[in-house]
């Protein structure tokens, strides 16, 4: 196979939760490509947001696993306060106890643990527990994780594209500049104005202050170009408005006319933020979280997005997604099967190995379970099969009833 970046360059990250929002229990290790599937309101977004929250606290899952000092306001007296504030902001809650399992008993304590291990630097374990109105933290270190960080090694960042990105893209200029900070929960008690989660605020901040005068990584730029040419069939154009904020338009292939994203197809406004992030922010080593990358896409385009995500993995980006798309999962299965073949693949590389992907099935009131890849069956959630079988059986039943009624009508008329 063609030469690629070693996708195992990321530290090994394991996250376990109990009684966390809608999640009864989960024990998940993040792979180069991590996928959360399952019915709505079963915890997919909760877990993705948790990854973002933990990433915001600890040097982006870096080799030192120390709190990011710049993210800890001076008024906070301890690491404990910084962790609590990060959870409050990312989930937009007044207290960490608000995240305790929905519908659980008073004795159901919330637990979150993060285990980080690196071949060269050892292991580090963090645990948060909330119950009885109290939040406790515990940390354990082994190896040499306490040594000073190397800025070049600890530059990994985490970016989150929320499910509401299309609407936010079209309205980001309404909430801009200093207003963003006002809408972010401060952690100092009830707020008198509506608040956004840190996920939303960070996304809108990136849109408001987006610049493309940097030097994107060539491999990431190539993926952004492919997304525009192969899926969007056009370019996302960035200009500056009279107010000094960036303005985003779409220019279809073969046309010189630019169209505001408010007037484009839903697919364009859904994928435009991904193009912008790849061109201006994401680098190899970073983590990219995308909720429902298939939203508003034709099944063929959903399969194309699976290829784009796989190319990001090959470029060294850790990708985490939530999805309801059977087509996207089927193409991921195809790309994983391709990775098992011994044949050479042409650049750009777009294949996976089974150990590089983790698909986790979220279900109501049940522990989150991994769906293993199978060379013949691919990646197939059981509830998808149940829905397909139910629809098929209903269709057959209706057709039989229709034919019976039709036959009775013909006999009566003869």
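In the numbering used here, the protein residues as written are 5 to 418.
Ideal Cβ positions, reconstructed from N, Cα and C, are used throughout, including at glycine.
As the structure is a computational prediction, the values presented were derived from the model and not from experiment.
Between the CA atoms of residue 162 and residue 59 - distance to the nearest angstrom: Translated into the one-based positions of the chain shown, residue 59 becomes position 55. Translated into the one-based positions of the chain shown, residue 162 becomes position 158. In this structure, the alpha-carbon of residue 59 lies about 7 Å from that of residue 162.
field: Cβ-based burial, residue 165 [other Cβ within 10 Å; buried from 16]
entry: Your numbering for residue 165 matches position 161 in the chain shown. The residue in question, residue 165, is buried, as its Cβ has 16 or more Cβ neighbours within 10 Å.
- prompt: Apart from the five residues on each side of it in sequence, which residues of its chain come closer than 7 Å, Cβ to Cβ, to residue 221?
  reply: Counting from one through the chain shown, the residue named residue 221 turns up at place 217. Excluding residues up to 5 positions away in sequence, 287 and 288 lie with their Cβ nearer than 7 Å to the Cβ of residue 221 in the same chain.
Segment contact flag, the segment 249-256 with the segment 315-332, C-beta cutoff 8 Å, min 3 pairs: Contact fails: fewer than three Cβ-Cβ distances are below 8 Å.
field: Pick from 208, 202, 199 and 136 that is closest to residue 170, judged by C-alpha positions
entry: Locating residue 170 in the chain shown gives position 166, where the first residue counts as 1. The alpha carbon of residue 170 has as its nearest neighbour, out of 208, 202, 199 and 136, the alpha carbon of 208.
field: CA nearest to the CA of residue 357, picked from 93, 282, 324 and 337
entry: Working through the chain shown from its first residue, we reach residue 357 at position 353. Minimum Cα distance to residue 357 is reached at 337.
Check whether residue 385 and residue 29 have beta carbons under 8 Å apart: Stepping through the chain shown from its first residue, residue 385 is reached at position 381. Stepping through the chain shown from its first residue, residue 29 is reached at position 25. Taking the C-beta atoms as reference points, residue 29 is found no nearer than 8 Å to residue 385.
task: Keeping to the same chain, check which residues put their C-beta closer than 6 Å to that of residue 299; ignore five residues upstream and five downstream.
output: Within the chain shown, numbered from 1, the residue matching residue 299 stands at position 295. Apart from the 5 residues on each side of it in sequence, residue 299 sits with its Cβ closer than 6 Å to the Cβ of 274 in its chain, given in chain order.
task: Within the same chain, show all residues whose beta-carbon is closer than 8 Å to that of residue 281, passing over the 5 residues directly before and after it, in chain order.
output: In the chain shown, residue 281 corresponds to position 277, counting from 1. So the list reads 163, 165, 210 and 292, once near-sequence residues are dropped.
- prompt: Smallest Cα separation from residue 233: which of 258, 43 and 365?
  reply: Here residue 233 corresponds to residue number 229 of the chain shown, with the count starting at 1. Residue 258 is the option with its Cα nearest to residue 233.
Assigned exposure category for residue 269 - 16 Cβ within 10 Å defines buried: Position 265 of the chain shown, counted from the first residue, corresponds to residue 269. Around the beta-carbon of residue 269, fewer than 16 other beta-carbon atoms lie within 10 Å, marking it exposed.
query: Can you give the Cα-Cα distance for residue 238 and residue 326, rounded to whole angstroms?
result: If you number the chain shown from 1, residue 238 lands on position 234. If you number the chain shown from 1, residue 326 lands on position 322. Roughly 26 Å separates the two Cα atoms.
query: Where does residue 256 sit, in a helix, a strand or coil, going by DSSP?
result: Numbered from its first residue, the chain shown carries residue 256 at position 252. When secondary structure is reduced to three states using DSSP, residue 256 falls in the strand class.
query: If we call anything under 8 Å between Cβ atoms a contact, is residue 465 one with residue 113?
result: Absent from the structure is residue 465, since the part of the chain shown begins at 5 and ends at 418.
message: Looking only at its chain, what residues have a beta carbon closer than 6 Å to the beta carbon of residue 105, apart from the 5 residues adjacent to it on each side?
response: Counting from 1 along the chain shown, the entry for residue 105 is found at position 101. Cβ neighbours of residue 105 beyond the five flanking positions: 23 and 112.
field: Sequence-distant residues of its chain with Cβ nearer than 6 Å to residue 364 (five each side left out)
entry: Within the chain shown, the letter at position 360 stands for residue 364. If we look at residue 364 and ignore the five residues flanking it on each side, its Cβ neighbours are 32, 40, 372 and 374.
Close Cβ partners of residue 46 (< 7 Å) along its chain, the five nearest in sequence each way excluded: Sequence index remark: in the chain shown, residue 46 carries index 42 (1-based). When the five nearest sequence neighbours on each side are left out, the beta carbons in the same chain lying within less than 7 Å of the beta carbon of residue 46 are those of 26, 366, 367 and 368, in order along the chain.
- prompt: In whole angstroms, what separates the C-alpha of residue 154 from that of residue 160?
  reply: What you label residue 154 is simply residue 150 of the chain shown in a count that begins at 1. What you label residue 160 is simply residue 156 of the chain shown in a count that begins at 1. Caution applies to residue 154, whose pLDDT of 40 falls short of 50 and renders its modelled position unreliable; the model cannot decide the point.
task: Decide if residue 53 is buried, meaning its Cβ has at least 16 other Cβ atoms within 10 Å, or exposed.
output: As a position in the chain shown, residue 53 is number 49, starting the count at 1. Taking a 10 Å sphere around the C-beta of residue 53, we find 16 or more other C-beta atoms and assign the residue as buried.
- prompt: Does DSSP put residue 322 in a helix, a strand or coil?
  reply: Looking up residue 322 in the chain shown gives position 318. Strand, per DSSP.
- prompt: Which class does residue 314 belong to by DSSP, given the choice of helix, strand or coil?
  reply: Within the chain shown, residue 314 is the residue found at index 310, counting from 1. Reduced to three states, the DSSP call for residue 314 is helix.
query: At what residues does the alpha helix (DSSP H) containing residue 338 begin and finish?
result: Along the chain shown, read from residue 1 onward, the residue named residue 338 stands at position 334. Counting along the chain, the alpha helix (DSSP H) containing residue 338 begins and ends at 330-344.
- prompt: Can you tell me where the alpha helix (DSSP H) with residue 56 in it begins and where it stops?
  reply: Along the chain shown, one-based indexing puts residue 56 at 52. Annotation: the continuous alpha helix (DSSP H) that includes residue 56 extends over 48-61.
query: Which residue or residues does DSSP assign as beta-bridge partners of residue 250?
result: Residue 250 sits at position 246 when you count from the first residue of the chain shown. Under DSSP, the beta-bridge partners assigned to residue 250 are 244.
- prompt: Is residue 231 near residue 279, with beta carbons less than 8 Å apart?
  reply: Within the chain shown, residue 231 is the residue found at index 227, counting from 1. Within the chain shown, residue 279 is the residue found at index 275, counting from 1. In this structure, residue 279 lies closer than 8 Å to residue 231 by Cβ.
task: State the start and end residues of the unbroken alpha helix (DSSP H) segment that holds residue 401.
output: Position 397 of the chain shown, counted from the start, is the residue given in the question as residue 401. 386-417 is the span of the alpha helix (DSSP H), which, as asked, contains residue 401.
message: Between which two residues does the beta strand (DSSP E) holding residue 98 run?
response: One-based indexing of the chain shown puts residue 98 at position 94. From DSSP, residue 98 is part of no beta strand (DSSP E); its letter is neither H nor E.
- prompt: The beta strand (DSSP E) spanning residue 365 covers which residue range?
  reply: Along the chain shown, one-based indexing puts residue 365 at 361. 361-365 is the span of the beta strand (DSSP E), which, as asked, contains residue 365.
- request: In the DSSP assignment, find the unbroken alpha helix (DSSP H) run with residue 175 in it and report its ends.
  value: For the purposes of this step, residue 175 is taken as the residue at position 171 of the chain shown. Here the alpha helix (DSSP H) through residue 175 covers 169-175.
message: Please classify residue 203 as buried or exposed, where buried requires at least 16 other C-beta atoms within 10 Å of its C-beta.
response: Locating residue 203 in the chain shown gives position 199, counting from the first residue. Buried: at least 16 other Cβ atoms inside 10 Å.
- prompt: From residue 416 to residue 394, what distance separates their C-alpha atoms?
  reply: In the chain shown, counting from the first residue as 1, residue 416 sits at position 412. In the chain shown, counting from the first residue as 1, residue 394 sits at position 390. Rounded to whole angstroms, residue 416 to residue 394 spans 33 Å at the Cα level.
- prompt: How long is the line joining the alpha carbons of residue 115 and residue 21, rounded to whole angstroms?
  reply: Position 111 of the chain shown, counting from 1, holds the residue named residue 115. Position 17 of the chain shown, counting from 1, holds the residue named residue 21. Using only the alpha carbons, I get a separation of about 5 Å.
message: Restricting to Cα atoms, I'd like to know which of 407, 406, 57 and 409 is closest to residue 419.
response: Residue 419 lies beyond the range of the chain shown here (5 to 418); nothing can be said about it.
message: According to DSSP, residue 31 sits in a beta bridge with which residue or residues?
response: Working through the chain shown from its first residue, we reach residue 31 at position 27. In DSSP, residue 31 forms a bridge with 20.
message: I need the straight-line Cα distance from residue 227 to residue 401, nearest angstrom please.
response: Numbered from 1 along the chain shown, position 223 holds the residue referred to as residue 227. Numbered from 1 along the chain shown, position 397 holds the residue referred to as residue 401. Pairing residue 227 with residue 401, the inter-Cα distance amounts to about 47 Å.
message: For residue 241 and residue 89, what's the separation of their Cα atoms in angstroms?
response: Position 237 of the chain shown holds residue 241. Position 85 of the chain shown holds residue 89. Roughly 37 Å separates the two Cα atoms.
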